[in-house]
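For reference, the structure is listed below as structure tokens.
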Amino acid sequence: MFFYRAKLFFNCLSTNNSKLLLKIRMVSLESVVVAALEDDERRSQLSYKKIKKEALAPVFGSEGAAGADLHSAEECVVPAKGKYLVPTGIQIALPEGCYGRIAPRSGLASKNFIDVGAGVIDPDYRGELKVLLFNFSDADFKISVGDRIAQLVCTPFVKPALVEVTNLDETDRGDNGFGSTGVSSY
673 MFFYRAKLFF NCLSTNNSKL LLKIRMVSLE SVVVAALEDD ERRSQLSYKK
723 IKKEALAPVF GSEGAAGADL HSAEECVVPA KGKYLVPTGI QIALPEGCYG
773 RIAPRSGLAS KNFIDVGAGV IDPDYRGELK VLLFNFSDAD FKISVGDRIA
823 QLVCTPFVKP ALVEVTNLDE TDRGDNGFGS TGVSSY
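Residues in the sequence shown are numbered consecutively from 673, following my numbering.
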């Protein structure tokens with residue numbers, strides 16, 4: 673964002689090379705830098721509010737973790753071959769330009785056959801964050817208060833204009849889908 677603004681600014685001011693213009697450019701560039709830093713700070717902050725006493729803050733499990741772990745705010749059971757909507761006890765405000773993607777925790781998926789559904793959190797949603805868990809095993813899955821049940825990944829997105837057209841460009845792949853590219857890397 674910073675480089676785009678700086679380029680735009682310099683394109684607007686590319687006229688005479690006078691001292692006054694140079695001073696204006698320096699002051700304006702300083703403003704562009706400050707605005708870019710403020711944008712970066714706002715874009716890199718996930719705000720959360722605890723709305724239940726059992727709620728725990730989202731937490732990154734490691735320095736390199738892409739997702740923040742979400743915790744259950746109630747004791748519950750996800751029935752075998754069933755589903756359960758687990759409350760986290762928090763509300764969130766996502767960084768500007770991002771949506772929240774609720775992703776499964778790899779350990780729950782690989783060891784207990786627990787997966788996540790309905791994983792898109794829109795940036796304007798302010799209700800309690802809840803996680804839809806599916807249990808694909810033959811045994812009930814017990815969740816205690818404070819258990820890490822999923823992870824929240826803040827993902828940048830582009831909201832494109834929706835344009836109806838009469839034709840789309842042709843591609844080599846065409847309408848081949850659902851495994852048409854195969855599994856083997858050969």
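Glycine included, every Cβ here is placed at the ideal spot set by N, Cα and C.
Backbone secondary structure at residue i - three-state DSSP
i           : result
residue 779 : helix
residue 784 : helix
residue 760 : coil
residue 752 : coil
residue 825 : strand
residue 808 : coil
residue 772 : strand
residue 793 : strand
residue 801 : coil
residue 911 : Outside the shown range of the chain (673 to 858) lies residue 911, about which nothing can therefore be said.
residue 845 : coil
residue 723 : coil
residue 765 : strand
residue 850 : coil
residue 831 : coil
residue 837 : coil
residue 817 : coil
residue 731 : strand
Closest residue to residue i among the options (Cα-Cα distance)
i           : options               : result
residue 757 : 766, 764 and 744      : 744
residue 785 : 796, 845, 812 and 760 : 812
residue 721 : 799, 839 and 777      : 799
residue 733 : 723, 777 and 725      : 777
residue 725 : 735, 817 and 854      : 817
Beta-carbon proximity check, residue i vs residue j, cutoff 7 Å
i           : j           : result
residue 773 : residue 825 : yes
residue 716 : residue 765 : no
residue 789 : residue 806 : yes
residue 815 : residue 803 : no
residue 827 : residue 770 : yes
residue 746 : residue 759 : yes
residue 810 : residue 752 : yes
residue 739 : residue 781 : no
Cβ separation of residue i and residue j, assumed to be a contact under 8 Å, to the nearest whole Å
i           : j           : result
residue 762 : residue 727 : 5 Å
residue 787 : residue 808 : 6 Å
residue 741 : residue 731 : 5 Å
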